[in-house]
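Below is one structure, written out as structure tokens; comments come after it.
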Amino acid sequence: ARKQKSRKAIGFYQPSMHKSMKENLLSEMNLQKGLDLKQFQLFYQPQVCCKTGEIEGFEALIRWQHPERGLIPPINFINLAESTGLIKLIGEWVIQEAIAQLKKWHAEGKEHLSLSINLSPVHFLSANLPAYLLQCTQSAGIAPQSLILEITENVAIEDRDAARNRMAELRAMGFPISIDDFGTGYSSFAYLQNLPVQQIKIDRQFIRHISKNENSAAIVQTIVQLGKTLNLQTVAEGVETKKEWDLLKQFGCDSIQGFYFSKPLPVNEIDQLLQNAGGSYNENQST
Ligand code: C2E
Ligand code: MG
Ligand code: MG
Ligand code: MG
Numbered sequence: 342a343r344k345q346k347s348r349k350a351i352g353f354y355q356p357s358m359h360k361s362m363k364e365n366l367l368s369e370m371n372l373q374k375g376l377d378l379k380q381f382q383l384f385y386q387p388q389v390c391c392k393t394g395e396i397e398g399f400e401a402l403i404r405w406q407h408p409e410r411g412l413i414p415p416i417n418f419i420n421l422a423e424s425t426g427l428i429k430l431i432g433e434w435v436i437q438e439a440i441a442q443l444k445k446w447h448a449e450g451k452e453h454l455s456l457s458i459n460l461s462p463v464h465f466l467s468a469n470l471p472a473y474l475l476q477c478t479q480s481a482g483i484a485p486q487s488l489i490l491e492i493t494e495n496v497a498i499e500d501r502d503a504a505r506n507r508m509a510e511l512r513a514m515g516f517p518i519s520i521d522d523f524g525t526g527y528s529s530f531a532y533l534q535n536l537p538v539q540q541i542k543i544d545r546q547f548i549r550h551i552s553k554n555e556n557s558a559a560i561v562q563t564i565v566q567l568g569k570t571l572n573l574q575t576v577a578e579g580v581e582t583k584k585e586w587d588l589l590k591q592f593g594c595d596s597i598q599g600f601y602f603s604k605p606l607p608v609n610e611i612d613q614l615l616q617n618a619g620g621s622y623n624e625n626q627s628t
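Everything in the sequence shown is counted per UniProt numbering, starting at 342 for the first residue and increasing by one.
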């Protein structure tokens, strides 16, 4: 009787399931359509050097400019893109678009600027990523050193060997690797010692409390120290106040990214900002 019951469960059906499957299918089609109709857009958020106050680069963050629903943030479609396999196509679009923009800035005499892009785990581990990156940078005449590849730390843990090999491969080609959302994964610091990474981005969940919470401050200070010891660049994410910036400078953090300087902006506003500020921020800057 039991067996029968479970067999029956396989064919178990509810109208609500049908509805959600249909919705997924529809939005997958929309996602593909969005890609075909070039509705995706990269916004750019400045990264500022703690020592000089100068903009040293940007992080590219994807948005979906939907004709009916307006600007859709990545949290609302990246998961779907990952589960449908479209993430590779979207990721390749991001790579192309980011490199084209970097080429423009470099051609305007801002050769010092770097650009960071976010790569999904599936795309990061996919077979042709290194060849694709190399082909895109070479045909644009962009040095791989100026395109920083961000991946979250769980990639490095869940598929340890594959991830390490892939990182080494990309490193050998000259692409810097950055560990995004550092501190939020279920890793210990130990795993960092054998990874060919250049940068760690300290997650906002620690940064947002450093001026109020001594434990958060201690954690961030420890991560910055670790970065120094392992010769890694440290970037603080989500800096919103002057107090936080001052503390991070005091801790010896290398670079800062956050609303305190600028939220992510479309490229025309970034160009304006580069012109106005001359690419640097002074101490009295407010959001
Ligand atoms: P992330 O890579 O950790 O990006 C940082 C997120 O924090 C961005 O959200 C950014 O807008 C936000 N942020 C920056 N400064 C501040 C601040 O001072 N305060 C607060 N409250 N937030 C701040 P966004 O753009 O919504 O992106 C969310 C996530 O979506 C990203 O997290 C990244 O994991 C993913 N993502 C974005 N673009 C792409 C992409 O092109 N490809 C892939 N695979 N994932 C992407
Ligand atoms: Mg990122
Ligand atoms: Mg992050
Ligand atoms: Mg994050």
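We put the beta carbon where it would ideally sit given N, CA and C, even for glycine.
All values derive from a computational prediction rather than experimental measurement.
Segments assigned beta strand (DSSP E), at least 3 residues, entirely inside the region 368-454:
Taking only runs of at least 3 residues, the beta strand (DSSP E) segments lying wholly in the region 368-454 are 381-390, 396-407, 411-413.
How would the residue list near ligand 2 read, in chain order, if you kept each one whose beta-carbon is closer than 6 Å to any heavy atom?
E400, N459, E491, D521
Could you check whether the region 366-378 touches the region 576-595, counting it as contact only if at least three pairs of C-beta atoms, one from each stretch, sit closer than 8 Å?
no
Assuming I440 contacts T478 under a Cβ cut-off of 8 Å, what Cβ separation, rounded to an integer in Å, is found between them?
6 Å
List the DSSP bridge partners of S603.
DSSP, once it has assigned bridges, lists no residue as partnering S603.
Hey, is I416 close to ligand 1, as in C-beta under 8 Å from one of its heavy atoms?
Taking 8 Å as the cut-off, one finds at least one heavy atom of ligand 1 near enough to the beta carbon of I416.
Using beta-carbon positions only, say whether D521 and I492 come within less than 9 Å of one another.
yes
If you reduce the DSSP assignment to three classes, tell me which class N572 lands in.
The answer is coil: DSSP assigns N572 none of H, G, I, E or B.
Burial state of M370, where buried means 16 or more other Cβ atoms lie within 10 Å:
With fewer than 16 other CB atoms across the displayed protein chains lying within 10 angstroms of its CB, M370 is exposed.
Less than 9 Å between the C-beta atoms of E433 and Y473, yes or no?
yes
Any chance the CB of R501 is under 8 Å from a heavy atom of ligand 3?
no
From Y532 to W586, what distance separates their C-alpha atoms?
28 Å
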